[in-house]
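Presented below is the structure to which this report refers.
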Amino acid sequence: MTILQIKQVSKRFGGLQALTAVTFEVAEGQILGLIGPNGAGKTTLFNVINGIFAPEEGQIIFRQEEITGQKPYYLARKGLARTHQIVRPLKELTVQQNVIVGACFGRENQALAQAAKTANEVLALVGLAERAAQLAGSLNVAQKKRLELARALAGKPYLLLLDEVLAGLNPTEVSAMLETIQLIRAQGITIIMIEHIMHAVMSLSDTIVVLNYGQLIAQGLPHEIAHNPAVIEAYLGDPKLAERLLQA
Amino acid sequence: MSFLPALVDGLCIGFVYGLAAMGLTLIFGVLRVVNLAHGSMITLGMFGLYLLSTHLNLNPYLALVLVAVLGLGSGMLIYYLALHRTMNAPHLSSLLATFAVNMILVGIGTATFSTSARNLDFALGSFHYGEGAISGQRLVAVFATLGVTSGLYLFLAYTSTGKYIRAVANNRYAAELVGIPSTSILALSFGLGTMLAAIAGGLIATFLPFTILAGGVYELKSFVICVLGGLGNPLGALLGGLILGVLEGFLPFFLPNLPNTWIPVLEFGLFVVILLFRPSGLLGAKQ
Amino acid sequence: MKRWQNSGLWLMLALLLVGGLWPAFTHNQANREMVYTILLSIVLASSLNIMLGYTGYVSFGHVVFFGLGGYVGMFLLHNHHFPLWSAALAGGIAAGLLAFLLGKAILRLRGAFFALATIGINEAIRALINNLTLFGGPAGISLNFNIYKDYGGAGEALWLVYYATLFLALATIFLSYAIKTSKFGLGLLAIREDEEAAEVIGIVTPRAKTWAYVLSAFIPGIVGVLFFFKNGNIEPSDAFRLHFSIEMLVMIMLGGQGTVLGPLLGATGYQFLRGFLLTNSFFKDIQLAVAGFLLLIIVLFIPAGAVGWLKRRFTLLQEVLP
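The listed protein sequences derive, respectively, from chains A, B and C.
According to my numbering, the first sequence is numbered sequentially starting from 470.
According to my numbering, the second sequence is numbered sequentially starting from 3.
According to my numbering, the third sequence is numbered sequentially starting from 22.
Okay, structure coming up:
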């Protein structure tokens with residue numbers, strides 16, 4: 470089933486055309502990598518899907534329902550969750566409370582008691598179980614990223630938007646996070662991930678969409694993208710590098 | 003009262019309103035702080051001028067210079083004592099801190115001076131034009147505002163300190179990284195903002211009666227003007243001030259039976275309407 | 022039902038009850054008045070805490086609900102001979118309704134702008150009522166002294182108001198705890214921490230904030246009717262005193278914002294302090310300045326208030342103090 474359809478989505482901020490007629494589909498259970506140079510409009514696209522901005526043109530269809538321009542909180546109820554590029558922990562609440570919030574207000578609209586159980590499961594999945602009683606503000610960056618992920622997962626989403634979830638992590642932390650993402654996919658959750666760490670995106674994604682200056686310049690399988698001249702010119706720079714990344 | 007005098011009077015006072023609002027908007031632009039002690043700084047200017055010229059028999063405009071210095075010094079002192087610690091805390095802290103300072107100053111002021119009205123016995127004659135007349139003090143106030151505004155502009159644009167201020171306003175962290183002493187710049191900026199407020203208060207005192215609580219009334223006007231003109235935009239503040247002054251001047255034409263107590267209510271209504279429908283103001287706010 | 026087994030809550034309610042019943046045992050009117058002021062403050066501070074401490078929205082104009090509720094109640098008491106109970110309830114409902122309508126307009130504003138808007142609303146409502154002959158204009162509404170006969174005489178009426186206020190103080194603390202430990206309350210805390218993130222997580226922020234505002238207005242409306250009934254008279258200048266709002270703010274900050282115990286402690290502490298200041302001739306005139314100074318010290322050095330300080334110092338208390 471196609472879980473998400475982006476049809477001719479355009480977004481303008483004053484004089485800046487951030488997105489132009491972006492069109493692609495995401496199949497259920499996939500991991501779709503969204504890449505492109507900085508400023509290409511990737512986070513803007515997430516913001517449009519997520520309901521933070523309404524597009525000037527175009528439609529977004531989630532599980533056969535049009536959701537264009539609907540507010541983020543309603544979309545969370547429908548099973549669309551998202552993490553942020555710069556993490557936003559609820560600092561004065563504990564790690565556990567943060568995740569409980571996710572469970573309470575997500576798709577299943579759980580009551581506090583049930584949400585606590587969900588929170589414990591999800592914290593175990595992301596490896597933050599021992600830190601449950603710690604204040605979210607006291608975690609380090611890697612832990613905060615995991616918390617943000619846990620909070621999004623607790624809402625039992627159908628579709629998860631990950632915005633540079635690997636940014637700022639050292640190689641060990643990156644490997645650990647990649648394993649966690651695999652576990653999430655195994656649960657049947659569809660993932661769209663914005664990422665700059667090429668070996669991660671290339672190895673993990675089923676398909677890739679490339680944006681440049683707000684336009685979709687390529688989409689396809691990872692090895693097709695790596696050989697695509699437009700992508701190489703815009704983003705990867707060196708074709709040989711692209712090959713090596715694919716093999717990594 | 004006929005059209006032209008209403009317009010002229012409105013513009014005259016509009017300039018002074020704009021000056022006061024400029025102080026508020028400058029502080030917001032550089033420190034990202036809403037100065038809830040703005041009103042007491044205006045009152046400081048009013049009473050400062052009053053005391054200096056009645057008790058020391060100084061020419062009011064000479065006293066105004068001293069008032070400006072007093073405004074600058076008070077502002078910097080307030081920054082170091084009350085605001086500095088809140089700069090990296092949540093916005094609520096700086097809001098409550100300036101609010102608390104206002105309470106302290108108004109409390110002490112009311113206890114010292116009571117709430118009775120004061121008046122500066124001072125007249126500079128008037129200039130007649132066609133059907134109306136402007137008092138000399140209002141005219142001087144307009145020129146003083148223009149003078150201070152130009153001075154501020156030149157300072158910010160051409161001196162190195164001015165450039166530091168603009169740097170800190172733009173990106174405090176980056177400014178620190180290149181070696182700009184942000185604390186002193188922040189203190190100076192706050193002081194400049196309160197100085198403008200004090201000067202405006204002093205100018206108002208030369209042609210209107212005032213009480214210890216008058217600052218609060220002008221504070222609300224300053225807030226309306228700032229959002230009207232665009233927060234953080236000094237030129238917007240001046241423009242907004244002129245617009246508000248003219249609107250006030252014309253109010254008796256449209257609503258002749260409206261008691262004075264309704265004016266702040268209307269201004270507040272304007273404030274909420276602007277914030278809801280055009281929060282960036284007319285000339286665009288600082289992002 | 023672990024939620025209702027918090028010993029801190031029951032201890033607090035018990036102490037409040039004992040403290041509140043103490044003037045009843047001593048039959049001392051002066052004591053009763055002092056405790057009454059504290060109880061009133063507890064109601065108002067705890068209610069405001071729902072907006073300030075839980076949701077993170079600073080309101081400088083909370084007194085408007087006290088005043089408007091009072092006016093509606095007094096109007097019904099005087100002009101339509103409602104019994105006190107229904108008049109008080111009507112006052113609460115009117116205050117809640119005002120909060121609901123206002124919320125639609127101003128809850129979209131953030132931070133300082135919301136705060137300023139609340140001041141403006143207080144001033145606007147005061148000006149409006151000042152010009153409304155229906156509510157007696159500047160002279161307000163004065164109750165006919167005979168009205169107290171329906172309640173067993175003036176003395177009995179005062180005790181009635183007192184017990185009702187004690188009940189409302191207990192109810193407010195209970196409500197505060199119930200909100201804080203509920204899913205709704207968790208949503209408010211999330212809004213306080215990061216409103217945009219809260220929206221992405223799924224909290225319907227406009228609805229949550231409006232409900233918080235309405236809940237924070239309801240009991241002050243009721244208690245306002247009782248206050249002015251006791252007073253015998255209500256005037257615009259009394260009903261919408263900004264100073265009162267500010268004191269509520271100081272009480273919350275003093276005790277510890279965002280906690281259930283904080284406003285209770287803060288209200289009690291502040292009223293004791295104020296009592297001392299008022300009897301001291303030097304401090305009487307600079308009351309506002311002293312309150313401001315206190316607020317400044319708290320904001321700069323102990324922003325978490327007394328409860329926050331206690332929790333940090335004695336980490337064992339973290340579990341117990343709600």
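Every residue gets a Cβ at the ideal spot worked out from N, C-alpha and C, and that includes glycine.
| Query | Result |
| --- | --- |
| Nearest-angstrom Cβ-Cβ length linking C14(B) and I136(B), presumed shorter than 8 Å | 6 Å |
| For A598(A) and L604(A), believed in contact at Cβ under 8 Å, the rounded distance | L604(A) to A598(A), Cβ: 16 Å. No contact. |
| Cut-off 8 Å between Cβ atoms - residues of its own chain near F252(B), not counting five sequence neighbours on either side | A8, L9 and G12 |
| Classification of V39(C) by the beta-carbon crowding that lies within 10 angstroms, buried from 16 upward | exposed |
| Per-residue contacts from Y627(A) into chain C (C-beta, under 8 Å) | Near Y627(A) there are no residues of chain C at all, since even the closest Cβ is about 13 Å away, more than 8 Å. |
| Min CB distance G88(C) to chain B below 9 Å | no |
| Three-way DSSP call (helix, strand, coil) for W25(C) in this model | helix |
| Anticipated Cβ contact below 8 Å, F493(A) with L685(A), distance rounded | 6 Å |
| Pairwise C-alpha distance: I273(C) and T147(B) | 42 Å |
| First and last residue of the uninterrupted alpha helix (DSSP H) at R295(C) | L282 to T300 |
| Nonlocal neighbours in the same chain, by C-beta distance under 7 Å from A243(C), ignoring five residues either side | Residue identity check: residue 243(C) is Ile in the sequence provided, not Ala. Once the five neighbours on either side are set aside, the close Cβ partners of I243(C) are G90, A109, L110, G112, G113 and L189. |
| Local conformation of D123(B) per DSSP, three classes | coil |
| As assigned by DSSP and simplified to three states, the class of L189(C) | helix |
| Residues near Y172(C) by beta carbon distance below 8 Å, same chain, minus five either side | L105, A178 and L181 |
| Same chain, Cβ closer than 7 Å to R174(B), five either side skipped, listed in chain order | S184 |
| Among I200(C), S266(C) and L65(C), nearest to L187(C) - alpha-carbon criterion | L65(C) |
| Residue-level contact to chain C via CB, G291(B), 9 Å cutoff | No answer is possible for residue 291(B): it lies beyond the span of chain B, which begins at 3 and ends at 289. |
| Between the CA atoms of R129(C) and L278(B) - distance to the nearest angstrom | 8 Å |
| Validate contact between the region 203-211 of chain C and the region 519-536 of chain A using beta carbons, cut 8 Å, 3 pairs | no |
| Which listed residue (G277(C), F250(C) and A233(C)) has its alpha carbon closest to that of L118(C) | A233(C) |
| Neighbour flag for R280(B) against chain C, beta carbons, 9 Å | no |
| Status (buried if at least 16 other CB within 10 Å, exposed otherwise) for A699(A) | exposed |
| CB contact flag (A39(B), K223(B), <9 Å) | no |
| Anticipated Cβ contact below 8 Å, M197(B) with G41(B), distance rounded | So it is not a contact: roughly 15 Å between Cβ atoms. |
| E535(A) (DSSP reduced to helix, strand or coil) | strand |
| T641(A), buried or exposed, once every other Cβ within 10 Å from all chains shown has been counted against 16 | exposed |
| CB contact below 9 Å: S118(B) versus chain C | no |
| With 16 other Cβ atoms within 10 Å as the buried cut-off, status of L315(C) | buried |
| Three-state class that DSSP yields for S76(B) in the structure shown | helix |
| Contacting residues, own chain, Cβ-Cβ under 8 Å from A102(B) (five flanking each side not counted) | A84 |
| C-alpha gap between W264(B) and F261(C), whole angstroms | 16 Å |
| Below-9 Å beta-carbon distance, P261(B) vs any chain C residue | yes |
| Same chain, Cβ closer than 7 Å to I255(C), neighbours up to 5 away in sequence not counted | G91, Y92, M95, G161, I162 and F249 |
| Per-residue burial, I59(C) [other beta carbons within 10 Å of its own, 16 or more giving buried] | buried |
| C-alpha gap between T193(C) and S674(A), whole angstroms | 54 Å |
| Integer Cβ distance of S276(C) from A327(C), believed to fall under 8 Å | Contrary to the premise, residue 276(C) reads as Gly rather than Ser in this sequence. Confirmed, Cβ separation roughly 5 Å. |
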